[in-house]
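So for the sequence shown, our numbering puts the first residue at 12; every next one is plus one.
The block underneath contains the structure these notes are about, expressed in structure tokens.
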Amino acid sequence: MLALIAGTGDLPPALVARLPQRPLICAMRGFAPNLAPDITFRMEHLGSFLTDLRARGVTRICMAGAVRRPQIDPTQIDKATMPLVPRVQAALTQGDDGALRIIIAIIEEFGFAVVAAHRIAPDLLPAPGVRTKIGPTSSHSNDAFSGETCLVQMGKADSGQACVIRADDVILREDAHGTDAMLQKLCASATDDWMSDATADLRKEVKKFLSETPDGQGGRAGGILFKAPKPNQDQRADLPLIGLRTVMMAAKAGLDGIVIEAGGVMVLDLPTVRKVLDAQGMFLWVRPRGGA
């Protein structure tokens, strides 16, 4: 039996839609998914939560969706979680990959197999190559090498999975707030509600977006969004993802296109993503690591 620990965003519903059987849906308190959870738990009750899953017959766990670091209330820590406290506290002081490695180790010690989201939905990993009508130029190829170098440096600090490169210069680096928050800095004058509203109907917003800017007439500042996993990242959780909100923000920011690492970044609703990029005269390049 599979349990899905679901965070916010569109990835958890996409996984459930692809599974032949509905998993047991679990959510951490304060991070309600776009699904009806069967179990809501607190980090202070992690030990009890995992014990309960085992009693229910769960053998596999998938973690998908966005979750920020919770504030731990020491008075709420239960008896089953008390032995885990030093490691949970250590996890909360690590970068994202370091923290997830600790949590994954704890989950495995309780007897569960941790399953990556892209193993459940391999179709979310697009094939290598240019996936749009328009492709990158040689200058974009140079920007991609700069982006890869930047992410190697960021990966050493476990600090992010995306950056914006323009004319071979790093303009922005992703922080703990994520890719969309980074891109929003380039869209400071925009007031579109869908940028910050996690519950917005993005398919509806896409239609509105394309009617307002049918051919990218808003102007183009140039540059690329580069996104990839951290070097040596444990890919069973937190594999990078782009979706409609990211793509529309990249267009609003005036970027020329998006470059993602082949086999390392999931794309939600690729047909609509391509439709938006093609309409804006932008490209999506699924680029092998270190290659052209």
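Glycine residues also receive a C-beta, built at the ideal position from the N, C-alpha and C atoms.
Fair warning: this is a prediction, and the values are worked out from it, not measured in the lab.
For the alpha helix (DSSP H) containing residue i, name the first residue and the last one.
{"i": "I131", "result": "128 to 131"}
{"i": "A155", "result": "149 to 167"}
{"i": "F42", "result": "Careful: F42 lies outside any alpha helix (DSSP H) and carries neither H nor E."}
{"i": "M12", "result": "Segment: none, M12 is in no alpha helix (DSSP H) and carries neither H nor E."}
{"i": "M259", "result": "255 to 263"}
{"i": "A25", "result": "22 to 29"}
{"i": "C66", "result": "Correcting the residue type first, residue 66 is Ala in the shown sequence and not Cys. Taken as a continuous stretch (DSSP letters only), the alpha helix (DSSP H) holding A66 covers 57 to 66."}
{"i": "D180", "result": "That residue, D180, is in no alpha helix (DSSP H); its beta strand (DSSP E) goes 180 to 184."}
{"i": "R247", "result": "Per DSSP, R247 belongs to no alpha helix (DSSP H) and is neither H nor E."}
{"i": "A101", "result": "96 to 103"}
{"i": "R214", "result": "213 to 223"}
Considering only the alpha carbon of each residue, which of the options lies closest to residue i?
{"i": "R53", "options": "R80, R112, K219", "result": "R80"}
{"i": "G109", "options": "L64, K215, A248, V270", "result": "A248"}
{"i": "R297", "options": "H151, E216, L15", "result": "Note on identity: in this sequence residue 297 is Val, with Arg being the wrong assignment. When only C-alpha atoms are compared, the closest one is H151."}
{"i": "A75", "options": "M93, A25, T62", "result": "A25"}
{"i": "P94", "options": "L252, L57, S149, K218", "result": "L57"}
{"i": "A239", "options": "S170, V99, I16", "result": "S170"}
{"i": "L236", "options": "A91, I114, D180", "result": "D180"}
{"i": "I16", "options": "Q105, R98, I118", "result": "I118"}
{"i": "T283", "options": "G302, K215, D267", "result": "K215"}
{"i": "A232", "options": "L252, D267, F156, L213", "result": "D267"}
What does the Cβ neighbour count give for residue i, buried or exposed, with the cut at 16 atoms within 10 Å?
{"i": "D191", "result": "buried"}
{"i": "Q172", "result": "buried"}
{"i": "K241", "result": "buried"}
{"i": "Q244", "result": "buried"}
{"i": "G302", "result": "exposed"}
{"i": "A155", "result": "buried"}
Look at the alpha carbon of residue i and the alpha carbon of residue j, and state the distance between them as a whole number of angstroms.
{"i": "M259", "j": "L281", "result": "13 Å"}
{"i": "P31", "j": "R177", "result": "43 Å"}
{"i": "E223", "j": "G265", "result": "15 Å"}
{"i": "E185", "j": "A168", "result": "12 Å"}
{"i": "F123", "j": "P133", "result": "21 Å"}
{"i": "Q291", "j": "L46", "result": "32 Å"}
{"i": "D89", "j": "T143", "result": "52 Å"}
{"i": "E272", "j": "T86", "result": "43 Å"}
{"i": "E120", "j": "L162", "result": "31 Å"}
{"i": "Q228", "j": "R300", "result": "With a pLDDT of only 48 at Q228, under the threshold of 50, the placement of this residue in the model should not be trusted; the figure read from the coordinates follows. Approximately 32 Å between the Cα atoms of the pair."}
{"i": "K219", "j": "C198", "result": "17 Å"}
{"i": "C37", "j": "A101", "result": "23 Å"}
{"i": "V141", "j": "M165", "result": "26 Å"}
{"i": "P147", "j": "L295", "result": "8 Å"}
{"i": "I293", "j": "N153", "result": "The sequence as given places Met at residue 293; Ile does not occur at that position. If I take the Cα positions, the gap works out to 17 Å."}
{"i": "G189", "j": "K196", "result": "12 Å"}
{"i": "G234", "j": "T160", "result": "16 Å"}
{"i": "M193", "j": "R256", "result": "12 Å"}
{"i": "I145", "j": "L111", "result": "37 Å"}
{"i": "P48", "j": "L35", "result": "8 Å"}
{"i": "K263", "j": "R98", "result": "42 Å"}
{"i": "I131", "j": "L221", "result": "32 Å"}
{"i": "I115", "j": "I269", "result": "31 Å"}
{"i": "V69", "j": "A261", "result": "40 Å"}
{"i": "R29", "j": "L213", "result": "20 Å"}
Looking only at its chain, what residues have a beta carbon closer than 6 Å to the beta carbon of residue i, apart from the 5 residues adjacent to it on each side?
{"i": "A77", "result": "G18, T19, G20"}
{"i": "G254", "result": "D21, L279"}
{"i": "R71", "result": "L13, A124, V126"}
{"i": "I182", "result": "V175"}
{"i": "G158", "result": "C174, I176, F237"}
{"i": "R40", "result": "T51, R53"}
Return the first residue and the last residue of the beta strand (DSSP E) that residue i is part of.
{"i": "K238", "result": "235 to 238"}
{"i": "E272", "result": "268 to 272"}
{"i": "T51", "result": "50 to 52"}
{"i": "F294", "result": "294 to 298"}
{"i": "M193", "result": "Where M193 is concerned, there is no enclosing beta strand (DSSP E), although the alpha helix (DSSP H) it sits in stretches over 190 to 195."}
Beta carbon of residue i: closer than 7 Å to some heavy atom of the ligand NAP?
{"i": "V278", "result": "In terms of ligand content, the structure shown is empty, and the ligand NAP therefore cannot be addressed."}
Going along the chain, which residues of its own chain have a beta-carbon closer than 8 Å to the beta-carbon of residue i, five neighbours each way excluded?
{"i": "H129", "result": "L135, L136, Q246, L250, M277"}
{"i": "A127", "result": "C73, Q246, R247, A248, L250"}
{"i": "R33", "result": "V27"}
{"i": "V217", "result": "L255, M259, T283, K286, V287"}
Near residue i, what residues of its chain come up, given a Cβ to Cβ distance below 7 Å and the 5 sequence neighbours on each side ignored?
{"i": "V96", "result": "I88"}
{"i": "A91", "result": "G58, S59, T62"}
{"i": "E55", "result": "I83, D84, Q87, I88, D89, T92"}
{"i": "D107", "result": "D169, D249"}
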